[in-house]
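FYI, the numbering used here numbers position 102 of the sequence shown as 341, with every residue one higher than the one before it.
Here is the structure we will look at.
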Amino acid sequence: MKLLIFVLAGIAPPVAAQVAESGAATDPIVVTGDRQSSGDDVRSGVDEITPPTGPAEPLARFMDPLCLDFAGLSERQQQTIRTVIEFRAQNAGLRVADFECKPNALVVIVDDPAAFAQNLKRSQPNLMSSSEHRKLEASIKEGDPVFVSSAKEVRTALGRPAPHSATIPGLTLPMSVATKVNTDARARRVGLEQSAALLNSIVVFDARKLSGFSLVQLADYAAMRLLAPTDARTDWQEGPPSILKLFSSDPADVEDAMTAFDQSYILALYELPINAPSSRLKSKVLDIYFGKSDQ
């Protein structure tokens, strides 16, 4: 059974060691994904890529409109990748910001990741935490083809930023200093008292290791890593077909675009209530994958 993903004209040629300008527009390309995995494979796939969280912790997602920016790509290449990622975001129900917005999602392709990391640390010291900078430097040292970083904040159950206040519900007198207060806190039979918002996400590709990949493959890989917090290993081979196996050592696992599993994962994350515990994600992915969702 085939699942139609999208039709896109003007696909750029494969990315080489240096990201090249695209040539003439090609014929329209129809990309499809197969629904062939078993329930056990889907479950193992969710376990593989979902970041470790407690059963009562919410999963982070973008709550503010998505605002993409790029580094290391031509205008035409940026447009191809933007089209794919924004399509995926809107398909999941995520709002896309107008132009001249403040970027919160960045796709980078550089042929000297080490120099980029040092420049980023100097020019944008608050973009990533110290621990994320150390992870980036370690990833570059190990020769990884891609590095992903994200920042998140805890918000109220309704997705609102927790205001700073010296007055805490239930306390008679205000505190001497202000702190973040969950103003939406109340007794709930379903859902958590808090949610988690992605503030920014960054995907950095090493251009020297992208030979043979198309911009659509890179765009869909980036979409999975930007829109959802995922812990995909670059050598992941087990479980269902996934674009996250793009850098797998087994060529048979490399997909042309997002698969049914990938789409189900993104849709499940954004269809769940924002204060849903992470423990609900797996069953939601299964429902969407096997067509049991209302949408």
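Glycine included, each C-beta is placed from N, C-alpha and C at the ideal position.
*Taking three-plus beta-carbon pairs below 8 Å as touching, is the stretch 430-443 in contact with the stretch 285-302?*
Contact between the stretch 430-443 and the stretch 285-302 is established, with three or more Cβ pairs separated by less than 8 Å.
*Identify whether Phe355 lies in helix, strand or coil by the three-state DSSP scheme.*
Numbered from 1 along the sequence shown, position 116 holds the residue referred to as residue 355. If DSSP states are grouped into helix, strand and coil, Phe355 belongs with the helices.
*For Val349, the nearest candidate out of Lys360, Leu312, Arg373 (CA to CA)*: Stepping through the sequence shown from its first residue, residue 349 is reached at position 110. The shortest C-alpha separation from Val349 is found at Leu312.
*With distances taken from CA atoms, which of Glu314, Phe486, Val524 is nearest Gly536?*
Outside the modelled stretch of the chain, which goes from 240 to 534, sits residue 536, for which no answer is possible.
*Would Ile527 be called buried (16 or more neighbouring beta carbons within 10 Å of its own) or exposed?*
As a position in the sequence shown, residue 527 is number 288, starting the count at 1. The residue is buried, with at least 16 neighbouring Cβ atoms inside 10 Å.
_I believe Ser276 touches Pro480 by the beta-carbon criterion, under 8 Å. Please report the beta-carbon distance rounded to the nearest angstrom._
Taking the first residue of the sequence shown as 1, we reach residue 276 at position 37. Taking the first residue of the sequence shown as 1, we reach residue 480 at position 241. Indeed, because the Cβ distance is near 7 Å, the residues count as touching under 8 Å.
*Would you please state the rounded distance, in angstroms, between the beta carbons of Leu307 and Ile288? I believe it to be under 8 Å.*
Along the sequence shown, one-based indexing puts residue 307 at 68. Along the sequence shown, one-based indexing puts residue 288 at 49. Going by Cβ atoms, the distance from Leu307 to Ile288 rounds to 22 Å, so no, they are not a contact pair.
*Give, in chain order, every unbroken run of the alpha helix (DSSP H) that is at least 4 residues long and sits entirely within the stretch 290-356.*
314-330
*asked:* Can you tell me whether Phe338 is buried or exposed? The criterion is at least 16 other CB atoms within 10 Å of its CB, across all chains shown.
replied: In the sequence shown, the residue the question calls residue 338 occupies position 99. Under this definition Phe338 is an exposed residue.
*Kindly indicate which three-state DSSP category Asp445 falls into: helix, strand or coil?*
Residue 445 sits at position 206 when you count from the first residue of the sequence shown. Asp445 falls in the strand class under three-state DSSP.
*Check whether the Cβ atoms of Gly332 and Phe500 lie closer than 7 Å to each other.*
In the sequence shown, counting from the first residue as 1, residue 332 sits at position 93. In the sequence shown, counting from the first residue as 1, residue 500 sits at position 261. Cβ atoms of Gly332 and Phe500: not closer than 7 Å.
*Compute the Euclidean distance between the alpha carbons of Pro468 and Ile505, then round it to the nearest angstrom.*
For the purposes of this step, residue 468 is taken as the residue at position 229 of the sequence shown. For the purposes of this step, residue 505 is taken as the residue at position 266 of the sequence shown. Using only the alpha carbons, I get a separation of about 10 Å.
*Arg399 to Pro490 span [Cα, whole Å]*: Counting from 1 along the sequence shown, the entry for residue 399 is found at position 160. Counting from 1 along the sequence shown, the entry for residue 490 is found at position 251. Cα to Cα, the separation comes out at about 44 Å.
*Roughly how many whole angstroms lie between the Cα atoms of Asn514 and Ala356?*
In the sequence shown, counting from the first residue as 1, residue 514 sits at position 275. In the sequence shown, counting from the first residue as 1, residue 356 sits at position 117. Roughly 34 Å separates the two Cα atoms.
*Going by beta carbon distance, what residues of the same chain come within less than 6 Å of Asn343, once the five residues before and after it are set aside?*
Looking up residue 343 in the sequence shown gives position 104. Only Cys306, Asn439 meet the Cβ criterion.
*State the CB to CB distance for the pair Leu511 and Leu520, rounded to an integer number of angstroms; the pair is presumed to be in contact (CB under 8 Å).*
Here residue 511 corresponds to residue number 272 of the sequence shown, with the count starting at 1. Here residue 520 corresponds to residue number 281 of the sequence shown, with the count starting at 1. With a Cβ gap of about 7 Å, Leu511 and Leu520 count as contacting.
*Nearest-angstrom Cβ-Cβ length linking Arg327 and Met497, presumed shorter than 8 Å*: Here residue 327 is taken as the residue at index 88 of the sequence shown, counted from 1. Here residue 497 is taken as the residue at index 258 of the sequence shown, counted from 1. At roughly 7 Å, the Cβ-Cβ gap stays under 8 Å, so Arg327 and Met497 are in contact.
*What do you reckon, is the C-beta of Leu511 under 6 Å from a heavy atom of the ligand FAD?*
Only the bare structure without any ligand can be found here, which leaves the ligand FAD out of the picture.
*Could you spell out the range, first to last residue, of the alpha helix (DSSP H) harbouring Lys391?*
Residue numbering aside, residue 391 sits at position 152 when the sequence shown is read from its first letter. Where Lys391 is concerned, there is no enclosing alpha helix (DSSP H), although the beta strand (DSSP E) it sits in stretches over 385-395.
*Taking buried to mean at least 16 other C-beta atoms within 10 Å of its own C-beta, is Gly293 buried or exposed?*
Taking the sequence shown and counting its residues from 1, the one referred to as residue 293 is at position 54. With fewer than 16 other Cβ atoms within 10 Å, it is exposed.
*Mind reading off the beta-carbon distance from Ile482 to Asp459? Whole number of angstroms is fine, and I expect it under 8 Å.*
Taking the first residue of the sequence shown as 1, we reach residue 482 at position 243. Taking the first residue of the sequence shown as 1, we reach residue 459 at position 220. With 8 Å as the limit, Ile482 and Asp459 qualify as a contact, their Cβ atoms being about 5 Å apart.
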